[in-house]
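> Chains as they are written, first to last, in our numbering: chain F, 1 to 294; chain C, 1 to 339; chain X, 1 to 326.
Below you'll find the structure I mean.
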Amino acid sequence: MRILESKWRRHRLESLKKGWYKFSRNRLSVLGLCVIVMIVLAAVFAPYLTPYSEHVGPYLAFDEAKEPPSVKHPLGTDLFGRDILTRILFGYRLSLLMAAMVIGLSAPVGVVVGLLAGYFHRTWIDRILMRITDVFLAVPGLILALAITSVLTPNLTNAAMALSIAWWTWFARLVYGVASSCRSEFFVRSAEVLGERWPHIVFREILPNCVSVIFTKISLDVGWAILAGASLGFLGLGAQPPTPDLGSMVADGSKHMPELWWMAVFPALAIVITVLGFNLIGDGLRDMFAIEEL
Amino acid sequence: MASLVFLGRRIGLSMLGLIGLSLLIFFISRVLPGDPVRMAVGPRAPEWVAENIREQMHLDKPLLVQYYYWVRGALRGDLGHSLFTRRPVSRDLKEFLPATGELAFFTILIVAGFGIPLGVVAGRYANSWIDNLVRIFCYYSVSTPSFIFATLFLLLFSHVLDWFPTFGRLDMNILRPPAVTGMITVDSLISGHFAAFWNTLWHMVLPAFSLALPGMAQLARITRSSIHDNLGKEYIAFERGFGIPDRLIMSKFLLKPSLIPPVSILGLEVAATLSNAFLVEFIFGWPGFSRYGINVMLQKDLNAMSAVVLVVGVIFVVANIFVDVAVTFLNPKIRLGTG
Amino acid sequence: MRPTLLEIDDLHVEFPIYNGCLKVVDGVSFAAHSGERLGLVGESGCGKTTCGRCVVRLVKPSAGRICFSSKHAGKTVDLVQPGKEEWKQARTEIQMIFQNPITALNPVFTIRTQFKTALQFVDPKRRQKKEYLVRAATALQEVQLPDPRRILKSYPFQLSGGMCQRVCIAMALASEPELLIADEPTTALDVTVQEQILQLLDALVEEKGTSLIYITHNLGVIREIAHRVHIMYAGTIVESGPPRELFSNPLHPYTQGLMNAVPKLTADVMSRGIPGSIPDYVKPPTGCRFHPRCTVRLPICEQTRPPFFPASEDHKVACFSYQKEA
Chain F
1 MRILESKWRR
11 HRLESLKKGW
21 YKFSRNRLSV
31 LGLCVIVMIV
41 LAAVFAPYLT
51 PYSEHVGPYL
61 AFDEAKEPPS
71 VKHPLGTDLF
81 GRDILTRILF
91 GYRLSLLMAA
101 MVIGLSAPVG
111 VVVGLLAGYF
121 HRTWIDRILM
131 RITDVFLAVP
141 GLILALAITS
151 VLTPNLTNAA
161 MALSIAWWTW
171 FARLVYGVAS
181 SCRSEFFVRS
191 AEVLGERWPH
201 IVFREILPNC
211 VSVIFTKISL
221 DVGWAILAGA
231 SLGFLGLGAQ
241 PPTPDLGSMV
251 ADGSKHMPEL
261 WWMAVFPALA
271 IVITVLGFNL
281 IGDGLRDMFA
291 IEEL
Chain C
1 MASLVFLGRR
11 IGLSMLGLIG
21 LSLLIFFISR
31 VLPGDPVRMA
41 VGPRAPEWVA
51 ENIREQMHLD
61 KPLLVQYYYW
71 VRGALRGDLG
81 HSLFTRRPVS
91 RDLKEFLPAT
101 GELAFFTILI
111 VAGFGIPLGV
121 VAGRYANSWI
131 DNLVRIFCYY
141 SVSTPSFIFA
151 TLFLLLFSHV
161 LDWFPTFGRL
171 DMNILRPPAV
181 TGMITVDSLI
191 SGHFAAFWNT
201 LWHMVLPAFS
211 LALPGMAQLA
221 RITRSSIHDN
231 LGKEYIAFER
241 GFGIPDRLIM
251 SKFLLKPSLI
261 PPVSILGLEV
271 AATLSNAFLV
281 EFIFGWPGFS
291 RYGINVMLQK
301 DLNAMSAVVL
311 VVGVIFVVAN
321 IFVDVAVTFL
331 NPKIRLGTG
Chain X
1 MRPTLLEIDD
11 LHVEFPIYNG
21 CLKVVDGVSF
31 AAHSGERLGL
41 VGESGCGKTT
51 CGRCVVRLVK
61 PSAGRICFSS
71 KHAGKTVDLV
81 QPGKEEWKQA
91 RTEIQMIFQN
101 PITALNPVFT
111 IRTQFKTALQ
121 FVDPKRRQKK
131 EYLVRAATAL
141 QEVQLPDPRR
151 ILKSYPFQLS
161 GGMCQRVCIA
171 MALASEPELL
181 IADEPTTALD
191 VTVQEQILQL
201 LDALVEEKGT
211 SLIYITHNLG
221 VIREIAHRVH
231 IMYAGTIVES
241 GPPRELFSNP
251 LHPYTQGLMN
261 AVPKLTADVM
271 SRGIPGSIPD
281 YVKPPTGCRF
291 HPRCTVRLPI
301 CEQTRPPFFP
311 ASEDHKVACF
321 SYQKEA
């Protein structure tokens, strides 16, 4: 047992080394990784990075309002005198939190649905599950989320829930594709012959094969989830003021263009850079999980 | 023949999907907290007014009965009355849908017309400076949501440079052509009001590009990788061996198989465009269906909301069918079955 | 002595990977003469396909020269870094047939479209469309495909592997190349079809006087078709000679191992394999690449790469055990 374990560990180390090599060949992906790491760190340590933590809550200081970028407020202040940089940092927290919620809710549901539908391929389970998936796909995700959010009280949790309802279908479809093609593979059939029950087969045999696809999709999706969250926030359907939401900051700022341009431009840039970072990582991950020959 | 059956099945399934969706939205909208009727009539209206409206909308009856009334009406073209505009929803739709239709049409034109050639060029000259430029552009554009583009364009091209108008479809001083389709471009061409034609196009530039850029970038990326992949395939080397000139290979033999992935995602791109139109129309004050949709949802206008979701669903289904047909045309394997 | 058509000199091909460089082809030299049929034999992964692909410029060599004497260009063209014009002229004289016939044809166009276009550029004089189709049909008949019209109307995925391969051969030979490189053309096909394709190639090449480089891992096949065979191991050529000679008198330990590994109906014992496994291409063995598995290993084998030693007129071996004292 010991020998097997150490061999397995070495094998995993090798795979990680290979994976990192492939990922790092694409310099842009490494750049994306750096950007995202910085953003995550900034979000986590936000309160320690800025002296203006109170600006996130109800704060009014009209004598400092509407100030362009300066040394004191590197990204300027908004209508109520709140420091924009601080609000962006805390806004990141919210965006990342929302993305985590959306993915945390939709991924497990979608993956399980996809696995079940894929394993019970061509039975009534498959058909029902896939028809349900199609129902949710009949309307573009954002619009569905919009419709759902609008009937609920607008806040962060509800927005995340609404997005998850639209999101899980993509996971389901993806995993369904992999699972149903695994279905006819030998390792599944031999497991059945050996008398394994279906939960074991689905979760211990088929699932590991889907992991790389799921992982890649998750890393790509964080970017899109942030984007979708920002879109909902732009319409005022996300976190409510005074909590900083990147999308609503852009919306507020755009009403005062072009004079108070910094109010809209900086949050917008914040969104773009984050999504950009995740997209870059996503590309690198795709390279990493591609044909594992070398 | 197989493809017709295939298509028929797709349509049928989509219909089923739409029905399921309408059920979903219907029920969600009906069981919401808060009282939309009260919100619509205002806090000072007497209760009997609100009661009347509730009765008219069958809100007092059980949910399934309500659904039945709604479906019956929908099949006849009567989607109920909007709580806020007090007009039949179908009239509202007729007024706003063509505007969005125009915008969407030009947006898709830009997305495909610029996106695919960009991808082809990038794929052909992969890893050269052209490719790198295109890729950088694509990365940025894909990561930027339409509403940010809209905001930025508005700032830059409208407020600062004053090259394009800020809102609306037509300048105040230009006469609107008699409505035939409701689309100003088409109507003006039909009636010969060329001033209106150019003017509305000018108004459309900024919103259309804001909507189009992310989709264009995505399409370009997929086209690029498709072309790049196929360039290394054996059949291209085989064809080159016969001395077939590069430009023929690029324009015909490489292009057709490489178009399959981008066209397949065109359906998704239409969906994304539709979704984003909701925000962009809002920003540019484009009196379109999407802006109407947002207002309707923010105001919890029940009938209108269900109608909007339904219409979006129908558009999406139709777009997907078109895409499927196009892919079938490109890929003979689907058309003829396997062997 | 026939004129030299293709000359490969000290070819090296390397692919960088995560922990170094895969030295796939490590110093290969041979020549093909006009009208000659050459066999390149070796097990999977020994670099023979890569050599073939270098000639048609699908793979870029990291070192070495490939010289091709082109009729159209009227001179010898360097295929590693040819000039644009030279390559355009020489390209139609070298054709390659690939291992997987179905992917060698464009999947979204009919055979008719592909063949017609190929012929249009092979024969620059403008002819009627119908004429090209007739020529295509004739070519298909030459490769013994019944009902050429139906084949022309089909897409590649509608045809079987054997039929596709015949189409590829027909197209390749329609341009009347000087040199045809066949990269394991029958590996993806049924055994019964293999024999037919082989005989077909044999007959056509003989008839048109085309030079052939046949790449395969199948010893039996090469015996029938080649004038001269090169045995490759781990990116190097270890023995060369006429097939008869090679088969009846294998000299290199690897070749001997290969011959022993072929099961014989008349033998009393089971066939024996070669102990060990193919080397790591990132850190290949020093000196002779076969030495870790060799039964007659000498101390010098570990240090220097053996050059070719002539064994008889046409037969040479890269093995120190045949080094004759000067």
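Glycine included, every Cβ here is placed at the ideal spot set by N, Cα and C.
For clarity, every value in this text was computed on a predicted model and none was experimentally measured.
May I ask you to report which of helix, strand or coil DSSP gives Met-250(C)?
Here Met-250(C) sits in helix by DSSP.
> Would you say Tyr-18(X) lies against chain F (beta-carbon separation less than 8 Å)?
Answer yes: the Cβ-Cβ gap between Tyr-18(X) and chain F drops below 8 Å somewhere.
> I want to see whether chain X comes within less than 8 Å of Lys-333(C), judged by CB atoms only; does it?
By this cut-off, Lys-333(C) is an interface position.
> Establish whether the CB of Ala-237(C) and some CB of chain X are separated by less than 8 Å.
By this cut-off, Ala-237(C) is an interface position.
> Going by other Cβ atoms of all chains shown within 10 Å of its Cβ, with 16 needed for buried, is Val-238(X) buried or exposed?
Burial call: buried.
> Taking the alpha carbon of Asn-209(F) as the point to measure from, which residue in Lys-22(F), Leu-33(F), Tyr-119(F) has its own alpha carbon closest?
It is Tyr-119(F).
> Please work out which residues of its chain come closer than 7 Å, Cβ to Cβ, to Gly-192(C), disregarding the five sequence neighbours upstream and downstream, and give them in chain order.
Excluding residues within five positions, none has a Cβ falling inside 7 Å.
> Return the first residue and the last residue of the beta strand (DSSP E) that Leu-329(X) is part of.
As displayed, chain X neither begins before 1 nor continues past 326, which places residue 329(X) out of reach and without an answer.
> Is DSSP giving His-159(C) helix, strand or coil here?
In the structure shown, His-159(C) sits in a helix (DSSP, three-state: H, G or I).
> Which first and last residues belong to the beta strand (DSSP E) in which Phe-32(X) is found?
It is worth fixing the name first, because residue 32(X) is Ala in this sequence and not Phe. It spans 20-33 - the beta strand (DSSP E) in which Ala-32(X) sits, taken as one unbroken run.
> Between the alpha carbons of Ile-19(C) and Val-314(C), how many angstroms are there, rounded?
Spanning the two alpha carbons is a distance of roughly 11 Å.
> Applying the 10 Å Cβ sphere with the 16-neighbour rule, what's the burial state of Thr-304(X)?
Thr-304(X) comes out exposed.
> Check the Cβ of Pro-257(C) against every Cβ in chain X and list those closer than 8 Å, keeping chain order.
Neighbours of Pro-257(C) on chain X, chain order: Asn-106, Pro-107, Val-108.
> Identify whether Cys-319(X) lies in helix, strand or coil by the three-state DSSP scheme.
Note: Cys-319(X) maps to coil in three-state DSSP.
> So if I threshold CB-CB distances at 8 Å, which residues from the region 16-46 of chain F count as touching chain X?
Under the 8 Å Cβ criterion, the region 16-46 of chain F contributes Lys-17, Lys-18, Tyr-21, Lys-22.
> Determine the DSSP secondary structure at Pro-148(X), reduced to helix, strand or coil.
Correct three-state label for Pro-148(X): helix.
> Does Lys-300(C) have its Cβ less than 8 Å from a Cβ in chain F?
Yes, contact with chain F.
> Going along the chain, which residues of the region 157-177 of chain C sit with their C-beta nearer than 7 Å to a C-beta in chain F?
For the region 157-177 of chain C, which is checked against every Cβ of chain F, the residues closer than 7 Å are His-159, Val-160.
> Just the C-alpha distance for Cys-288(X) and Cys-301(X), rounded to the nearest angstrom, thanks.
Cys-288(X) and Cys-301(X): Cα-Cα distance of roughly 5 Å.
> With 16 as the cutoff for other CB atoms within 10 Å, does Cys-21(X) come out buried or exposed?
Classification for Cys-21(X): exposed.
> Would the region 301-309 of chain C and the region 251-259 of chain C be scored as touching if the rule is three or more Cβ pairs under 8 Å?
Result no; under three Cβ-Cβ pairs closer than 8 Å.
> Would a C-beta distance cut-off of 8 Å place Ile-222(C) and Ile-265(C) closer than the cut-off?
Contact flag set, yes.
> Any chance you could list the alpha helix (DSSP H) runs of at least 4 consecutive residues sitting entirely within the region 224-287 of chain C, in chain order?
You should have 234-240, 255-258, 260-284.
> If you check the beta carbons only, do Gln-95(X) and Pro-3(X) fall under 8 Å apart?
Cβ distance not < 8 Å, so Gln-95(X) and Pro-3(X) don't count as in contact.
> In whole angstroms, what separates the C-alpha of Ala-251(F) from that of Phe-153(C)?
Going by the C-alpha atoms only, they are around 14 Å apart.
> With DSSP as the reference, label Ile-291(F) as helix, strand or coil.
Residue confidence for Ile-291(F) is low, a pLDDT of 47 falling below 50, so the modelled location carries little weight; the figure read from the coordinates is stated next. Coil at Ile-291(F), not helix or strand.
> Given this structure, state the Cα-to-Cα distance separating Glu-7(X) from Ser-211(X), to the nearest angstrom.
For Glu-7(X) and Ser-211(X), the distance between alpha carbons rounds to 13 Å.
> According to DSSP, is Gln-95(X) helix, strand or coil?
Here Gln-95(X) sits in strand by DSSP.
> Can Tyr-322(X) and Leu-251(X) be called in contact, C-beta distance under 8 Å?
Yes, the pair counts as a contact, with Cβ atoms nearer than the cut-off.
> Out of Gly-162(X), Gln-158(X), Val-134(X), Glu-131(X), which one is the CA nearest neighbour of Leu-145(X)?
Among Gly-162(X), Gln-158(X), Val-134(X), Glu-131(X), the Cα nearest to that of Leu-145(X) belongs to Gly-162(X).
> Roughly how many angstroms lie between the CA atoms of Arg-86(C) and Asp-92(C), to the nearest whole one?
Answer to the nearest angstrom: the Cα atoms are 10 Å apart.
> Using a Cβ-Cβ cutoff of less than 6 Å, which residues in the same chain neighbour Asn-276(C) once the five nearest sequence positions on both sides are dropped?
The answer, listed in chain order, is Ser-146, Leu-211.
> In angstroms, rounded to a whole number, what distance separates the CA positions of Leu-4(C) and Gly-17(C)?
Taking the straight line joining both Cα atoms gives about 20 Å.
> Between the alpha carbons of Val-318(C) and Ile-108(C), how many angstroms are there, rounded?
Spanning the two alpha carbons is a distance of roughly 14 Å.
> My assumption, with CB atoms under 8 Å, is that Cys-46(X) sits in contact with Ile-102(X). Please give the rounded CB distance.
In fact, because the Cβ distance is near 25 Å, the residues do not count as touching under 8 Å.
> Beta-carbon separation of Phe-167(C) and Phe-242(C) under 8 Å?
No, the Cβ-Cβ distance between Phe-167(C) and Phe-242(C) is not below 8 Å.
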